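S.K.:
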Amino acid sequence: MIKTVLSLDIGTTSLKAGLITAKGEVVFICRKGIPEKDSRYVPQFWFNCLEAACKKLQLKLNSMAEEVEICGISVSGNGPTVVTQEGLVYKWNEELSDELKQSFLEENKAFPQNNISLFMPKIYGLKKLFPKEAAETKQIFSGPEYLIYQLTDKAVTILPEKRYETAYWCKEGLEAIGVPFEKLPEYKYIGEKFGELTADAARRLGLKEGIPVFGAGPDFIAALIGTGTLSPGAICDRSGSSEGINFCVPEFIKADGIRTLPSVIPGLWNISVLIPKSSCRKEEDRILLVKEAIEKLREIASQNNFEFPDRMSVTGGQTRDFEFMKRKARTVGIKLAVNRCHHCELLGDACVAFTALGVYSSLVEAAKNIVRTQRIYESL
Numbered sequence: 079m080i081k082t083v084l085s086l087d088i089g090t091t092s093l094k095a096g097l098i099t100a101k102g103e104v105v106f107i108c109r110k111g112i113p114e115k116d117s118r119y120v121p122q123f124w125f126n127c128l129e130a131a132c133k134k135l136q137l138k139l140n141s142m143a144e145e146v147e148i149c150g151i152s153v154s155g156n157g158p159t160v161v162t163q164e165g166l167v168y169k170w171n172e173e174l175s176d177e178l179k180q181s182f183l184e185e186n187k188a189f190p191q192n193n194i195s196l197f198m199p200k201i202y203g204l205k206k207l208f209p210k211e212a213a214e215t216k217q218i219f220s221g222p223e224y225l226i227y228q229l230t231d232k233a234v235t236i237l238p239e240k241r242y243e244t245a246y247w248c249k250e251g252l253e254a255i256g257v258p259f260e261k262l263p264e265y266k267y268i269g270e271k272f273g274e275l276t277a278d279a280a281r282r283l284g285l286k287e288g289i290p291v292f293g294a295g296p297d298f299i300a301a302l303i304g305t306g307t308l309s310p311g312a313i314c315d316r317s318g319s320s321e322g323i324n325f326c327v328p329e330f331i332k333a334d335g336i337r338t339l340p341s342v343i344p345g346l347w348n349i350s351v352l353i354p355k356s357s358c359r360k361e362e363d364r365i366l367l368v369k370e371a372i373e374k375l376r377e378i379a380s381q382n383n384f385e386f387p388d389r390m391s392v393t394g395g396q397t398r399d400f401e402f403m404k405r406k407a408r409t410v411g412i413k414l415a416v417n418r419c420h421h422c423e424l425l426g427d428a429c430v431a432f433t434a435l436g437v438y439s440s441l442v443e444a445a446k447n448i449v450r451t452q453r454i455y456e457s458l
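Numbering-wise (our numbering), the sequence shown opens with residue 79 and increments by one.
1. My guess is that Gly-288 and Val-153 are in contact by the Cβ rule of under 8 Å, so how many angstroms apart are they, rounded?
2. Going by beta-carbon coordinates alone, are Lys-374 and Arg-389 separated by less than 7 Å?
3. Is the beta carbon of Val-368 sitting closer than 7 Å to the one on Ile-151?
4. Taking the C-alpha atoms as reference points, what is the distance between Leu-174 and Glu-370?
5. Which residue wins for smallest C-alpha separation from Asp-87, given the options Trp-124, Val-410, Lys-81?
6. With Ile-372 as the anchor, note down where its beta strand (DSSP E) starts and where it stops.
7. Count the other CB atoms, across all protein chains shown, that sit within 10 Å of the CB of Ala-431; report buried if there are 16 or more and exposed otherwise.
8. What's the C-alpha gap between Cys-463 and Lys-81?
9. Report the partner residues of Ser-350 according to the DSSP bridge assignment.
10. Hey, how far is the Cα of Leu-308 from the Cα of Lys-210?
11. So, do the stretch 261-269 and the stretch 217-229 have three or more beta carbon pairs nearer to each other than 8 Å?
12. Quick one: what does DSSP say Leu-97 is sitting in, helix, strand or coil?
13. Verify whether the separation of the beta carbon atoms of Gly-273 and Lys-240 is less than 7 Å.
14. Exposed or buried, what is Asp-399 when buried is set at 16 or more other beta-carbons lying within 10 Å of its beta-carbon?
15. Could you say if the stretch 124-133 and the stretch 424-442 meet the contact criterion of at least three C-beta pairs nearer than 8 Å?
16. Give the C-beta separation of Gly-155 and Asp-297 to the nearest angstrom, bearing in mind that I take them to be a contact with Cβ-Cβ under 8 Å.
17. Give me the Cβ distance between Ser-350 and Arg-359, rounded to the nearest whole Å; I'm assuming they're in contact under 8 Å.
18. Measuring alpha carbon to alpha carbon, tell me which of Cys-326, Leu-425, Ser-357 ends up nearest Phe-384.
19. Per DSSP, what kind of secondary structure is Ser-439 in: helix, strand or coil?
20. How many Å lie between Asn-382 and Ile-331 at the Cα?
21. By the three-class DSSP mapping on this structure, what secondary structure does Val-342 have?
22. With DSSP as the reference, label Arg-241 as helix, strand or coil.
23. Could you tell me whether the Cβ atoms of Ala-100 and Cys-108 are closer together than 7 Å?
24. Under 8 Å, with one C-beta from each stretch per pair, do the stretch 163-171 and the stretch 194-211 reach the 3-pair mark?
25. Kindly indicate which three-state DSSP category Leu-332 falls into: helix, strand or coil?
26. If you follow the alpha helix (DSSP H) that Ala-130 is part of, which residue opens it and which one closes it?
27. With 16 as the cutoff for other CB atoms within 10 Å, does Phe-182 come out buried or exposed?
28. Please report the residue range of the alpha helix (DSSP H) in which Ala-294 lies.
29. What did DSSP end up calling Arg-118 once you bin it into helix, strand or coil?
30. If you follow the beta strand (DSSP E) that Met-390 is in, where does it begin and where does it stop?
31. Do Ile-454 and Ala-428 have their beta-carbon atoms positioned less than 7 Å apart in this structure?
32. What is the rounded straight-line gap between the Cα of Val-120 and the Cα of Arg-405?
33. Roughly how many whole angstroms lie between the Cα atoms of Met-198 and Lys-271?
34. Whose C-alpha, out of Gln-163, Leu-237, Glu-172, is nearest the C-alpha of Ala-212?
35. Leaving out the 5 sequence neighbours to the left and right, which residues in its chain are closer than 7 Å to Pro-222 when beta-carbon positions are compared?
36. Would you report the Cα separation of Gly-194 and Glu-243, rounded to the nearest angstrom?
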């Protein structure tokens, strides 16, 4: 019997699904493009993509000699994105107009915490652009939790770590912009069980009813876990539609041009340099921007007496391009480590589930066993 977790990651244009063991072995993996990806109601298509992925999964399982048990389902997805119970979305890459930005700031003079939240501007945009829908919906989810709701019929908000509350929302902040606190599901932490697969969802997916459902929440959190960026000095390049160079440090750092957020490991922090819409850039330009980001983080490490690593984990589709990765390693001046599973968000989801199931005592222990380097590209 092979015990696995079904990891799911919702991207901007596709849903990825992987069946992963507690040792990081990938039994099955597929990617399903999301139809109507530009639709205002694109979350309504997420479950359909999962159904299609599960049909391929069943074919794989039927062809295997050894029986496979799915012990859990774990979900992550792009964020900060907000979705109503009816599937209306305000996406992570949508910006408020200048007029709405100004009104948002004006309404929050008495509650400046809203101005540093990742989610409050999205909720505000949803309320202002779609007032009828925002007023009538019973629940507003933060991205992947919408799919979890479809799987379990349970409404939750995944909080990566307690310090993330300021990046999400609170009752006073929601009241400041006129959104009832009751519309936002209660916080649940990574490692908690969010619910179980309902009979209807199990029937549609061809899976067993009652499978426990977990999740890592935002995809960048799943990627940090799935690259093992969980200890001071660890660094990863999370690439996709956009790109982020993430560096784990032992204390809070404030500096121009970086974003500082809590690590999922209490007491640690993640500082990152973001490269928006990097997939739309020429390859050489993209590589040079990554080099600049690494140099900025190296300088910050030197200024604060932090150890800076000699290798960086890389995730995303670009890792399948051997020649590109060789050029990138030579240019950026640091070794590049690629996992045998290119989509490390799926590995991060698996780490969360196997920790919650008690197979591992912590995310760090889970990552040490599940995250495995396949190839290292030398910088020389």
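The C-beta atom is built at its ideal place from N, Cα and C for all residues, glycine as well.
Values in this document were obtained by computation on a predicted structure and should not be read as measured data.
M.R.: Let me spell this out:
1. Actually they do not touch by this definition, with Cβ atoms about 17 Å apart.
2. no
3. no
4. About 28 Å.
5. Trp-124
6. Counted as a single uninterrupted DSSP element, the stretch harbouring Ile-372 is not any beta strand (DSSP E) but the alpha helix (DSSP H) occupying residues 361-381.
7. Buried, since its Cβ has 16 or more Cβ neighbours within 10 Å.
8. It is not possible to answer for residue 463, since the shown part of the chain is limited to 79 through 458.
9. Asn-324, Arg-337
10. Cα to Cα, Leu-308 sits roughly 42 Å from Lys-210.
11. yes
12. strand
13. no
14. A residue is called buried when at least 16 other Cβ atoms come within 10 angstroms of its Cβ; Asp-399 does not meet this threshold and is exposed.
15. Judged by Cβ distances under 8 Å, the stretch 124-133 makes no contact with the stretch 424-442, as fewer than three pairs qualify.
16. The pair is a contact, with the Cβ atoms about 6 Å apart (cut-off 8 Å).
17. Going by Cβ atoms, the distance from Ser-350 to Arg-359 rounds to 18 Å, so no, they are not a contact pair.
18. The option with the nearest alpha carbon to Phe-384 is Cys-326.
19. The DSSP-derived three-state label of Ser-439 is coil.
20. 9 Å
21. coil
22. helix
23. No; because the gap between Cβ atoms is not below 7 Å, this pair is not in contact.
24. yes
25. In the sequence on display, residue 332 carries Lys and not Leu. Here DSSP, grouped into helix, strand and coil, assigns Lys-332 to coil.
26. 124-140
27. buried
28. Note, Ala-294: premise wrong, no alpha helix (DSSP H); beta strand (DSSP E) at 290-296.
29. coil
30. 389-393
31. no
32. Near 36 Å, if we compare the C-alpha coordinates of Arg-405 and Val-120.
33. Between the C-alpha atoms of Met-198 and Lys-271 there is a straight-line separation of about 26 Å.
34. Gln-163
35. Ile-88, Val-153, Ser-154, Gly-155, Gly-293, Gly-295
36. Note that residue 194 is Ile in the sequence shown, not Gly. Straight-line Cα distance between these residues: approximately 11 Å.
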